[in-house]
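**Q** Handing you a structure now.
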Amino acid sequence: QQNTLRGSLNYPFLSSRIFSFLDVVTLCRCAQVSRSWNVLALDGSNWQRIDLFDFQRDIEGRVVENISKRCGGFLRKLSLRGCLGVGDSALRTFSQNCRNIELLSLNGCTKITDSTCNSLSKFCPKLKHLDLASCTSITNLSLKALSEGCPLLEQLNISWCDQVTKDGIQALVRSCPGLKGLFLKGCTQLEDEALKHIGAHCPELVTLNLQTCSQITDEGLITICRGCHRLQSLCVSGCANITDAILHALGQNCPRLRLKLTPTHFTLLNNNKKNCHELEKMDLEECVQITDGTLIQLSIYCPCLQVLSLSHCELITDDGIRHLGSGPCAHDRLEVIELDNCPLITDASLEHLKNCHSLDRIELYDCQQITRAGIKRLRTHLPNIKVHAYFAPVTPPPSVGGSRQRFCRCCVLL
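Following UniProt numbering, the numbering of the sequence shown begins with 1 at its first residue and continues without gaps.
Written as structure tokens, this is what we have:
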């Protein structure tokens, strides 16, 4: 085999092809074998995709500079996620040398400032995916720079860049009409005005994350619905001003919205009854304004529903669960339902769910009206179901023979 390998390396094309399948670590090892292998291993064409996350503690600016000089125009994808030692200077050199870069992750590179985005704008016009999450020094100036030099941008993550405002969003979306993914989690200064700009200029948008953007309201989201008809994933976790009113607008305007609704205060999904037949997962955790009316609509118009979270939906009652349990999804589709911290739920709800033959797991933590007897009856119909429940321990009687410590289990996995 060794002779075969040595022989194959006499053919430049074949040897280059072999080395192209090796990862970063293996290439570095091969580079130490011989001079010829060093040349092959460090050929820029073998370094089109680099992920340095596993080496983040050891990566300093000079490493990035050296990589950029060796890879040059070959490099297409680079992940520096978590590389805290990398700053603006190294990325300026990188931008100058790697002008064909398409995907760049700087997630958690906290030394990064607007200067890096200026460099990317000047030298990297082919950039499509940029991750700046947790780069807290990023401001509107970065978005304006990207809008001027990176018109092909398709996905941008500026989560937790809390200095960004509507002005930066406006500049970005006006010049990057091909945006498909926008992650704005933790951008707490964003208001409805920012969403209006997104709705007006991002017709290709597929994914939008607005988690904890606490100032947005139904008004801003309605403009998103009307302008972003391709939207499939929307997260508004922690957006306390959102109400049921937005559900109708989503259903009417975003027929593709399904599967990924990952909110906690109010999950927005395609709830326009007649348009959400493919809906499989819905997370309504902590949507405190959700009522039985929502469950009635889900039971009628969502026959493919598999996973439903109603955690902390304190207005949900047994009647809503009754409709859900008799809906088309109940018998063969519904696999997971989370009802923890729903204080109005009683054992009657468990009776309504006993015919959900595919039900694999149910969450009942802190449902104070649920009893052990009710759970036992449910398990007679669904013997394989996993029930997660909490029952307060019974106060132990005083010890007669002394003060021997007693223990009791509070969390019970049935």
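Every residue gets a Cβ at the ideal spot worked out from N, C-alpha and C, and that includes glycine.
Under the rule that 16 or more other beta-carbon atoms within 10 Å means buried, what is Ser36, buried or exposed?
**A** In the sequence shown, residue 36 corresponds to position 36, counting from 1. Counting Cβ neighbours within 10 Å, Ser36 comes out exposed, since fewer than 16 surround it.
**Q** Using DSSP with H/G/I as helix, E/B as strand and the rest coil, what is Arg81?
**A** Stepping through the sequence shown from its first residue, residue 81 is reached at position 81. Reduced to three states, the DSSP call for Arg81 is coil.
**Q** Are Val173 and Asn140 close, meaning C-beta to C-beta below 8 angstroms?
**A** Taking the first residue of the sequence shown as 1, we reach residue 173 at position 173. Taking the first residue of the sequence shown as 1, we reach residue 140 at position 140. No, they are not a contact pair.
**Q** Whose CA, out of Gly108, Leu153, Ser68, Gln32, lies closest to the CA of Ser159?
**A** Looking up residue 159 in the sequence shown gives position 159. When only C-alpha atoms are compared, the closest one is Gly108.
**Q** Note down the Cα distance separating Asn384 from Asp218, rounded to an integer number of angstroms.
**A** Here residue 384 refers to the residue found at position 384 of the sequence shown. Here residue 218 refers to the residue found at position 218 of the sequence shown. Near 42 angstroms, if we compare the C-alpha coordinates of Asp218 and Asn384.
**Q** Am I right that Leu231 and Leu205 are in contact with their C-beta atoms under 8 angstroms? What's the rounded C-beta distance?
**A** By one-based count along the sequence shown, residue 231 stands at place 231. By one-based count along the sequence shown, residue 205 stands at place 205. The Cβ separation is near 6 angstroms, so the contact holds.
**Q** Would you kindly report the start and end of the unbroken alpha helix (DSSP H) that includes Gly251?
**A** For the purposes of this step, residue 251 is identified with residue 251 of the sequence shown, where counting begins at 1. 245–253 is the extent of the alpha helix (DSSP H) around Gly251.
**Q** Could you check if Gln170 is buried or exposed, using at least 16 other CB atoms within 10 Å of its CB as the buried criterion?
**A** Residue 170 sits at position 170 when you count from the first residue of the sequence shown. The residue is buried, with at least 16 neighbouring Cβ atoms inside 10 Å.
**Q** Looking at Leu334: is its Cβ nearer than 8 angstroms to the Cβ of Gln306?
**A** Mapped onto the sequence shown, residue 334 falls at position 334. Mapped onto the sequence shown, residue 306 falls at position 306. Cβ distance < 8 angstroms, so Leu334 and Gln306 count as in contact.
**Q** Need the endpoints of the beta strand (DSSP E) that Gly149 sits in, please.
**A** In the sequence shown, counting from the first residue as 1, residue 149 sits at position 149. Segment 140–149 is the alpha helix (DSSP H) holding Gly149; no beta strand (DSSP E) there.
**Q** Kindly indicate which three-state DSSP category Lys130 falls into: helix, strand or coil?
**A** The residue you call residue 130 lines up with position 130 of the sequence shown. Sequence check: residue 130 is Leu here, not Lys. Here Leu130 sits in strand by DSSP.
**Q** Going by the DSSP bridge assignment, what does Asn209 pair with across the sheet?
**A** Here residue 209 corresponds to residue number 209 of the sequence shown, with the count starting at 1. Paired residue(s): Phe183, Cys235.
**Q** Can you look up Tyr390 in the DSSP assignment and give me helix, strand or coil?
**A** Working through the sequence shown from its first residue, we reach residue 390 at position 390. The answer is strand: DSSP assigns Tyr390 an E or B state.
**Q** Considering His122, what are the terminal residues of the alpha helix (DSSP H) in which it resides?
**A** Start at 1 with the first residue of the sequence shown, and residue 122 comes out as number 122. It should be pointed out that residue 122 corresponds to Lys in this sequence rather than to His. Segment 114–123, the alpha helix (DSSP H) holding Lys122.
**Q** Pop quiz: Leu359 and Ile321 are said to be a contact at Cβ under 8 angstroms. What is the actual Cβ separation, rounded to whole angstroms?
**A** Stepping through the sequence shown from its first residue, residue 359 is reached at position 359. Stepping through the sequence shown from its first residue, residue 321 is reached at position 321. Not quite, the Cβ-Cβ distance comes to about 12 angstroms (not below 8 angstroms), so this is no contact.
**Q** Would you identify the three-state DSSP class for Asn157, choosing helix, strand or coil?
**A** Here residue 157 corresponds to residue number 157 of the sequence shown, with the count starting at 1. Reduced to three states, the DSSP call for Asn157 is strand.
**Q** If you compare alpha carbons, which of Gly61, Glu280, Ser214, His277 is closest to Lys111?
**A** The residue given as residue 111 occupies position 111 in the sequence shown. Nearest C-alpha to Lys111: Gly61.
**Q** With C-beta atoms as the reference, is Asn253 less than 8 angstroms away from Cys225?
**A** Within the sequence shown, the letter at position 253 stands for residue 253. Within the sequence shown, the letter at position 225 stands for residue 225. Yes, they are a contact pair.
**Q** Which residue's Cα is closest to the Cα of Gln368: Ala31, Asn38, Pro151, His312?
**A** Taking the sequence shown and counting its residues from 1, one reaches residue 368 at position 368. Checking every option, the nearest Cα to that of Gln368 belongs to His312.
**Q** Considering only the alpha carbon of each residue, which of Val387, Leu130, Ile198, Asp43 lies closest to Thr223?
**A** For the purposes of this step, residue 223 is taken as residue 223 along the sequence shown, with counting starting at 1. It is Ile198.
**Q** Alpha carbon to alpha carbon, how far is Leu247 from Leu350? Give it in angstroms, no decimals.
**A** Numbered from 1 along the sequence shown, position 350 holds the residue referred to as residue 350. Numbered from 1 along the sequence shown, position 247 holds the residue referred to as residue 247. Near 28 angstroms, if we compare the C-alpha coordinates of Leu247 and Leu350.
**Q** Does DSSP put Ser214 in a helix, a strand or coil?
**A** Looking up residue 214 in the sequence shown gives position 214. Coil.
**Q** Could I get the ranges of all uninterrupted alpha helix (DSSP H) runs contained in the segment 43–102, with 4 residues as the minimum, in chain order?
**A** DSSP runs (the alpha helix (DSSP H)) wholly in the segment 43–102: 61–71, 88–97.
**Q** I'd like to check one pair, Lys128 with Ser95: are the Cβ atoms closer than 8 angstroms?
**A** Here residue 95 refers to the residue found at position 95 of the sequence shown. Here residue 128 refers to the residue found at position 128 of the sequence shown. Not closer than 8 angstroms, so no.
**Q** Please specify which runs of the beta strand (DSSP E), each continuous and at least 3 residues long, are wholly inside the segment 350–374, giving them in chain order.
**A** Entirely contained in the segment 350–374, the beta strand (DSSP E) runs reaching 3 residues are, in chain order, 361–364.
**Q** Compute the distance between the beta-carbons of Thr243 and Gln215, then report whether it is under 8 angstroms.
**A** Against the sequence shown, residue 243 aligns to sequence position 243. Against the sequence shown, residue 215 aligns to sequence position 215. No, the Cβ-Cβ distance between Thr243 and Gln215 is not below 8 angstroms.
**Q** For Gly186 and Asp131, what's the separation of their Cα atoms in angstroms?
**A** Here the question's residue 186 lines up with position 186 in the sequence shown. Here the question's residue 131 lines up with position 131 in the sequence shown. Going from the Cα of Gly186 to the Cα of Asp131 covers about 14 angstroms.
**Q** Between the alpha carbons of Gly73 and Val39, how many angstroms are there, rounded?
**A** Taking the sequence shown and counting its residues from 1, one reaches residue 73 at position 73. Taking the sequence shown and counting its residues from 1, one reaches residue 39 at position 39. Each residue's alpha carbon lies about 17 angstroms from the other.
**Q** Would you mind stating whether His323 and Asn355 have Cβ atoms separated by less than 8 angstroms?
**A** Taking the first residue of the sequence shown as position 1, residue 323 is located at position 323. Taking the first residue of the sequence shown as position 1, residue 355 is located at position 355. Not closer than 8 angstroms, so no.
**Q** Helix or strand or just coil, what does DSSP make of Thr165?
**A** Indexing the sequence shown from 1 puts residue 165 at position 165. Reduced to three states, the DSSP call for Thr165 is coil.
**Q** Could you check where the beta strand (DSSP E) with Lys281 kicks off and where it finishes?
**A** The residue labelled residue 281 in the question sits at position 281 within the sequence shown. Here the beta strand (DSSP E) through Lys281 covers 281–283.
**Q** Any beta carbon from chain D within less than 8 angstroms of Glu65's own beta carbon?
**A** Within the model displayed, chain D is absent; a lone protein chain is all it includes.
**Q** Assign Ser403 to buried or exposed, taking buried as 16 or more other Cβ atoms, counted over all protein chains shown, within 10 Å of its Cβ.
**A** Residue numbering aside, residue 403 sits at position 403 when the sequence shown is read from its first letter. In this prediction, Ser403 scores a pLDDT of 48, lower than 50, which makes its location untrustworthy; the coordinate-derived value is nonetheless stated afterwards. When all chains shown are included, Ser403 counts as exposed.
**Q** Do you know offhand how far Pro263's Cα is from Thr136's?
**A** For the purposes of this step, residue 263 is taken as the residue at position 263 of the sequence shown. For the purposes of this step, residue 136 is taken as the residue at position 136 of the sequence shown. Only weak support is given to the placement of Pro263: the predicted model assigns it a pLDDT of 40, under 50, and the value that follows is read from those uncertain coordinates. Using only the alpha carbons, I get a separation of about 23 angstroms.
**Q** Out of Asn100, Leu315, Ala145, which has the shortest C-alpha to C-alpha gap to Asn341?
**A** The sequence position of residue 341 within the sequence shown is 341, counting from 1. Of Asn100, Leu315, Ala145, the residue nearest in Cα terms is Leu315.
**Q** Could you spell out the range, first to last residue, of the beta strand (DSSP E) harbouring Ile337?
**A** Along the sequence shown, one-based indexing puts residue 337 at 337. Run containing Ile337: 336–338, per the beta strand (DSSP E) assignment.
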